[in-house]
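A short write-up of the structure that comes next.
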Amino acid sequence: MAALLQVAGLHAAYGLTRVLHGIDFALEEGSITALLGANGAGKTTTLRALCSMVKVEGEVHFDGARIDGRATEDIVRLGIAHVPDGRGTFTHLTTEENLRLGAYVRRDKSSIAQDFERIYGYFPRLKERRHQQAGTLSGGEQQMLAVSRALMLRPKLLLLDEPSFGLAPLIVREIFAIMREINKTEKVSILLVEQNAAMALDLADHAYLIETGRVVLSGTSEDIKKDEAVRRSYLGY
Amino acid sequence: MTTEIALSAAPAARPARSRLAGLAVLFIVVCALPFLVSSYTTFQLTLVIVYSIVLLGLNILTGYNGQISLGHGAFYAIGAYVAAILMDKYGVPYWATIPVSGALCLVVGFLFGLPALRLEGLYLALATFALGVSMPQLIKYKGIDTWTGGVQGITILKPDPPFGLPLNQDQWLFYFCLAVAAVMFWLGWNLLRGRVGRALIAIRDQPIAAEAMGVNNAMYKSLAFGVSAMFTGVAGALGAIAVQFVAPDSFSIFLSISFLVGVVIGGIASISGAIWGALFIQFVPNIADQISKAAPWAIYGVFLIGFMYVMPVGVAGAIRIFWARMKRKAGSSPQRSG
Amino acid sequence: METFLHQVIAGLATGGIYASVALALVMIYQATHHVNFAQGEIAMFSTYIAWSLIQAGMPYWVAFFLTIVIAFVLGVLVERIIVRPVEQAPVLSVVVVFIGLLVIFNSLAGWIYTYTIKTFPSPFPEKPPFGTHLVSSHEIGAVGVTLVVLALLYSFFRFTPLGLAMRAAAQNPESSRLVGIRVGWMLALGWGLASAIGAIAGMMVAPIVFLDPNMMSGILLYAFAAALVGGIDNPGGAVLGGFIVGVLENVLGAYVIGNDLKLSVALVLIIGVLVIRPSGLFGRVHVTRV
Ligand SMILES: Nc1ncnc2c1ncn2[C@@H]1O[C@H](COP(=O)(O)OP(=O)(O)O)[C@@H](O)[C@H]1O
Ligand SMILES: [Mg+2]
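Residue numbers (the numbering used here), protein chains in the order written: chain A, 1 to 237; chain V, 1001 to 1338; chain D, 2001 to 2290.
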């Protein structure tokens, strides 16, 4: 069975600094796959590479088509939504405008109104704040907004970069629960980048461990959880 | 161990020595120029020297300290008029007008720099632009035309060479301006390579950090304005003497804009850039004029844009990048070069 | 009193012109964070195009709208072809490119159309409105046109997906790409819109000051001042700034100092305002961060 996302020999660099040294991984359609690794391992860069936000070498296949080298704007149109590191909020625009931008490339304008209600169903707080400047939202609300903005694309694949970063555990749990539900009910595949390995492994089916720009371990979440080295360095027990 | 030191010391010493030798050759060539070219070309080269002083001054402000000025023509005009009025009305010898012009512009520039402290970027661009636009109007103002000569301006005499030197007037002016320029560049060099230069750059790049480290930003910024105006005023006085004429419309906003263009084309925050920029603003308009009599400024504009495409960091910047690349190439094969 | 009123109204009329050009400057500033010094010259050049079209026998309003379209395309082309390559260059290098554009347009206009001044028709009746002599129909019309342009622009940015995308692209290019906005084209579009607005301003000012290659140079300065007084990131503020500058200039010129020094004094006053309120009257206050 062909994977939804297939990455082979991915290299990436910032100027002269090489950051990824040949990453291989695959993501099955309908799954949640996690990329784990310490700070600076290259997780964010991997996500950026998938969207052509850095210079890359290697092959990326998505949904049967080769996408490396295509412009970011075109990759979005194939159905990949990216919740970037730092959330990428349009701080001077309202919450509603941020969400509307998420649906910018969609042609089915009529069903967008419906999607607003769907999103507000998941995150009622965003509805309360819909006319507020997004920059004035709390960190948790901005993270919800970032996820919602991505969902407004009705993506096939959602790339999440550290959605738990800087948030209270309660809010993280809420967001993760909604991610699981979205994955189940809407069949959105998710590629999750996390430093918080414990939470990520609970959510994901598969996981890859990245160290200094290379995949050093991969398997089902259950297997990875049992790995002695992972337990000691990433799970902390 | 000793060989290592010797190896690392040699390449450092060699460029310094060759640089000195280069400078000496350059100096001799420059000094010989008035005898090799026509009187008119000598006059044009004199203006290049004058402009290079302006560009050095403007670079202190805009390049090193990050304060944009679209109005330096105003300080140039003040310097020129002070020299012309002193010579015409008070019979002051030409050489004595230069320190006066410089000192007055230092004060005026410093005072202008005080309110300008509150302004940054575009706002400062507007304020200085306004200064540049207003200056010709102010000079034409009726209340002061007994001094300024109003729209007609003032004509002054070209100085003769002193001590019976066997030079014509153009040649003498060339050497005189060259000598003043040498003093000004020496001043600028000493100012910029030391503590003051570092403070100016720190204020440009990291204003808050600079303040936190005990640099008095306000003082330095106003001072940068004053010193920059002083350089420009000195050049203005030299320019008036060289051209033998001052009139309000010689100091239009276009002059100010040319100065800024010269600084950017020559190279921001670079001392040698002042010379490249001066060559550009003196000669490229002539070249453009030769290419198309009908629309010379369109050609000039094309030159401007073309230069920025090819050398976005100016001539001096491009040279710096070129040498760095050469050095890296040399460095990557140490066996052969050693 | 009547003459004072006249000065104020005439000031509002020229202020309307400054407001349009200021609006064009703000547009490009918002999209690119650059002030386009060539804005006035592009407007002047567009006005010459309108003049040619009218000379060729085209009815005024047809020429008017066709010129707006041409100016729009011209703006887009200039951004794509000339400004694009220096997008990443230092600010001052970009300023020099703008200066290059300025002299090119100025020189081309002089070459093609000569430097002799030309009359330019007004679409508004010659008869003063409401039987008053305080103001000409053209002046009223020009102010009206400015306000219409402002309203259209406001609606465009506020209510259309494209307007929203342009605002987003100006603010956060990276996130904009991630939602699929073609950021490069948004910049070009911003240039196109700014040129179109400039063309309108040019066609409105030309009947008053006559058409010549240097007609916009003073106007650009006032418009720049207006944009800064109003707040460079605030289109409404820029328009208000335009009216303020226009009235200030006229009243000062008539009563206080005469025409010789009015430019200088108006500028000194404007700078005074900026020294007191460095982000303009209605601008966003910028917080400096370490
Ligand atoms: N813009 C950049 N320029 C240069 N180096 C960068 C840049 N962004 C990240 N890096 C470097 O790339 C490496 C990987 O970073 P990143 O992908 O952000 O790691 P992670 O997301 O796993 O924490 C780090 O060593 C980091 O210092
Ligand atoms: Mg990261």
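Just so it is clear, CB atoms sit at the ideal spot from N, CA and C, and this is done for glycine as well.
Where the alpha helix (DSSP H) through A/Lys55 begins and ends:
Indexing the first sequence from 1 puts residue 55 of chain A at position 55. DSSP places A/Lys55 outside any alpha helix (DSSP H); the residue lies instead in the beta strand (DSSP E), whose first and last residues are 55-62.
**Message:** Using a Cβ-Cβ cutoff of less than 6 Å, which residues in the same chain neighbour D/Ala2031 once the five nearest sequence positions on both sides are dropped?
**Reply:** Position 31 of the third sequence, counting from 1, holds the residue named residue 2031 of chain D. If we look at D/Ala2031 and ignore the five residues flanking it on each side, its Cβ neighbours are Ala2170, Leu2187, Gly2190.
**D/Leu2164: contacting residues in chain A (beta-carbon distance under 9 Å)** = Residue numbering aside, residue 2164 of chain D sits at position 164 when the third sequence is read from its first letter. At a C-beta separation below 9 Å, D/Leu2164 has these neighbours in chain A: Leu93, Glu97, Arg100, Leu101, Tyr104.
- Task: With V/Gly1194 as the anchor, note down where its alpha helix (DSSP H) starts and where it stops.
- Result: Position 194 of the second sequence, counted from the start, is the residue given in the question as residue 1194 of chain V. Per DSSP, V/Gly1194 belongs to no alpha helix (DSSP H) and is neither H nor E.
Just the chain V side, please: which residues come within less than 8 Å of D/Val2103 by C-beta, in chain order?
As a working mapping, residue 2103 of chain D is identified with position 103 in the third sequence. The contacting residues are Trp1297, Ala1298, Tyr1300, Gly1301, Leu1304.
| field | the segment 136-149 of chain A touching the segment 2154-2170 of chain D, judged by at least three CB pairs closer than 8 Å | value | Under the three-pair Cβ rule at 8 Å, the segment 136-149 of chain A does not count as touching the segment 2154-2170 of chain D.
Whose Cβ in chain V lies nearer than 7 Å to the Cβ of D/Asn2106? In the third sequence, the residue the question calls residue 2106 of chain D occupies position 106. For the C-beta of D/Asn2106, the chain V residues within less than 7 Å are, from N- to C-terminus, Trp1297.
Exposed unless 16 or more other CB atoms sit within 10 angstroms - verdict on A/Lys184: On the first sequence, position 184 is the one that residue 184 of chain A refers to. Exposed.
message = Alpha carbons only, please: which of A/Asp205, A/Leu153, A/Gln142 is nearest the one belonging to A/Ala168?
response = To locate residue 168 of chain A, count along the first sequence from 1; it is residue 168. Ranking A/Asp205, A/Leu153, A/Gln142 by Cα distance to A/Ala168 puts A/Gln142 first.
Alpha-carbon to alpha-carbon, V/Leu1036 and V/Asn1168: Within the second sequence, numbered from 1, the residue matching residue 1168 of chain V stands at position 168. Within the second sequence, numbered from 1, the residue matching residue 1036 of chain V stands at position 36. Distance between V/Asn1168 and V/Leu1036, taken at the CA atoms: about 13 Å.
Original post:
Taking a cut-off of 6 Å, which residues have a beta-carbon closer than that to any heavy atom of ligand 1, in chain order?
Top reply: Each of A/Tyr14, A/Thr17, A/Val19, A/Gly37, A/Asn39, A/Gly40, A/Ala41, A/Gly42, A/Lys43, A/Thr44, A/Thr45 has a C-beta closer than 6 Å to some heavy atom of ligand 1; these make up the full list, in chain order.
>> Measuring straight from C-alpha to C-alpha, what distance separates D/His2034 and D/Val2091?
In response: On the third sequence, residue 2034 of chain D is found 34 positions in, with the first residue counted as 1. On the third sequence, residue 2091 of chain D is found 91 positions in, with the first residue counted as 1. Distance between the alpha carbons of D/His2034 and D/Val2091: 8 Å.
- Whose C-alpha, out of A/Asp202, A/Ala81, A/Gly30, A/Gln6, is nearest the C-alpha of A/Ala103? As a working mapping, residue 103 of chain A is identified with position 103 in the first sequence. With distances taken between Cα atoms, A/Ala103 lies closest to A/Ala81.
Note down, in chain order, all residues in the segment 1115-1127 of chain V with a beta-carbon under 8 Å from any beta-carbon belonging to chain D.
Against chain D - using a Cβ distance shorter than 8 Å - the residues of the segment 1115-1127 of chain V are Pro1115, Arg1118, Leu1119, Glu1120, Leu1122, Tyr1123, Ala1125, Leu1126, Ala1127.
Can D/Asn2106 and V/Trp1297 be called in contact, C-beta distance under 8 Å? Here residue 2106 of chain D is taken as the residue at index 106 of the third sequence, counted from 1. Here residue 1297 of chain V is taken as the residue at index 297 of the second sequence, counted from 1. For D/Asn2106 and V/Trp1297, yes; Cβs fall inside 8 Å.
Tell me whether A/Asp161 counts as near ligand 2, meaning its Cβ is closer than 7 Å to at least one heavy atom of that ligand.
As a working mapping, residue 161 of chain A is identified with position 161 in the first sequence. For ligand 2, at least one heavy atom lies less than 7 Å from the Cβ of A/Asp161.
| query | Residue range of the alpha helix (DSSP H) that V/Thr1041 falls in? | reply | On the second sequence, position 41 is the one that residue 1041 of chain V refers to. Counting along the chain, V/Thr1041 sits inside the alpha helix (DSSP H) bounded by residues 1039-1058.
- Please check if any C-beta of chain A sits within less than 8 Å of the C-beta of D/Leu2025. As a working mapping, residue 2025 of chain D is identified with position 25 in the third sequence. So no, D/Leu2025 is outside the interface.
Contact with chain D by A/Thr46, beta-carbon distance below 8 Å: Here residue 46 of chain A refers to the residue found at position 46 of the first sequence. Not an interface residue.
Report yes if the C-beta of A/Asp24 is less than 7 Å from at least one heavy atom of ligand 2; otherwise report no.
Position 24 of the first sequence, counted from the start, is the residue given in the question as residue 24 of chain A. Answer for A/Asp24: no, Cβ out of range of ligand 2.
CA-to-CA distance, A/Gly88 to V/Ile1028, given in whole angstroms: Here residue 1028 of chain V refers to the residue found at position 28 of the second sequence. Here residue 88 of chain A refers to the residue found at position 88 of the first sequence. Answer to the nearest angstrom: the Cα atoms are 60 Å apart.
(Q) With a threshold of 7 Å (Cβ to nearest heavy atom), would A/Asp85 be considered close to ligand 2? (A) Position 85 of the first sequence, counted from the first residue, corresponds to residue 85 of chain A. Within the cutoff, so yes.
*Under 7 Å Cβ-Cβ, which residues of chain V neighbour D/Val2251?*
Walking along the third sequence from the start, residue 2251 of chain D turns up at place 251. The premise fails here: D/Val2251 is roughly 18 Å from chain V at the closest Cβ pair, so nothing lies under 7 Å.
Can you pull the chain D neighbours of A/Arg107, defined as C-beta to C-beta under 8 Å? The sequence position of residue 107 of chain A within the first sequence is 107, counting from 1. Chain-ordered listing is empty here: chain D has no CB closer than 8 Å to the CB of A/Arg107, the nearest sitting near 12 Å.
So is V/Leu1055 in contact with chain D if we call contact Cβ pairs under 8 Å? Your numbering for residue 1055 of chain V matches position 55 in the second sequence. Chain D contact via Cβ: absent.
Do V/Val1054 and V/Ala1235 have their C-beta atoms closer together than 8 Å? Residue mapping note: residue 1054 of chain V aligns to position 54 of the second sequence, counting from 1. Residue mapping note: residue 1235 of chain V aligns to position 235 of the second sequence, counting from 1. The Cβ-Cβ distance between V/Val1054 and V/Ala1235 falls below 8 Å.
As assigned by DSSP and simplified to three states, the class of V/Asp1416
A query on residue 1416 of chain V cannot be resolved here, the shown segment of chain V reaching from 1001 to 1338 and no further.
* Quick one: is V/Pro1312 near chain D, going by C-beta distance under 8 Å? -> If you number the second sequence from 1, residue 1312 of chain V lands on position 312. So, interface residue.
Check each residue of the segment 2175-2196 of chain D: if its Cβ is closer than 7 Å to any Cβ of chain V, include it; give the result in chain order.
The residues in question: there are none.
For A/Glu59, collect the residues of the same chain with a Cβ closer than 7 Å to its Cβ; drop the 5 residues on either side in sequence, then sort them by chain order.
-> Locating residue 59 of chain A in the first sequence gives position 59, where the first residue counts as 1. For A/Glu59, where only same-chain residues beyond five positions count, the Cβ hits under 7 Å are Ala8, Gly9, Arg66, Asp68.
Alpha-carbon to alpha-carbon, D/Leu2240 and D/Ala2168: On the third sequence, position 168 is the one that residue 2168 of chain D refers to. On the third sequence, position 240 is the one that residue 2240 of chain D refers to. Between the alpha carbons of D/Ala2168 and D/Leu2240 lies a gap of roughly 25 Å.
Neighbouring residues, chain D, relative to V/Gln1137 (Cβ below 7 Å): Here the question's residue 1137 of chain V lines up with position 137 in the second sequence. Near V/Gln1137 (Cβ distances below 7 Å), the residues of chain D are Asp2260, Leu2261, Leu2263, Ser2264.
Original post:
Straight-line CA distance for A/Ala26 to A/Ser164?
Top reply: For the purposes of this step, residue 26 of chain A is identified with residue 26 of the first sequence, where counting begins at 1. For the purposes of this step, residue 164 of chain A is identified with residue 164 of the first sequence, where counting begins at 1. The straight-line gap from Cα to Cα measures roughly 23 Å.
> Would you report the Cα separation of D/Val2086 and V/Tyr1309, rounded to the nearest angstrom?
Replying inline: Position 86 of the third sequence, counted from the start, is the residue given in the question as residue 2086 of chain D. Position 309 of the second sequence, counted from the start, is the residue given in the question as residue 1309 of chain V. One C-alpha to the other measures close to 7 Å.
#### Entry: Amino acids of chain D, ordered along the chain, whose beta-carbon sits closer than 9 Å to that of A/Pro84
Indexing the first sequence from 1 puts residue 84 of chain A at position 84. Simply Glu2174, Ser2175, Leu2178.
Check your understanding: So with Cβ pairs under 8 Å, would you call D/Ile2068 a contact of chain V?
Key -> Walking along the third sequence from the start, residue 2068 of chain D turns up at place 68. Answer no: the Cβ-Cβ gap between D/Ile2068 and chain V never drops below 8 Å.
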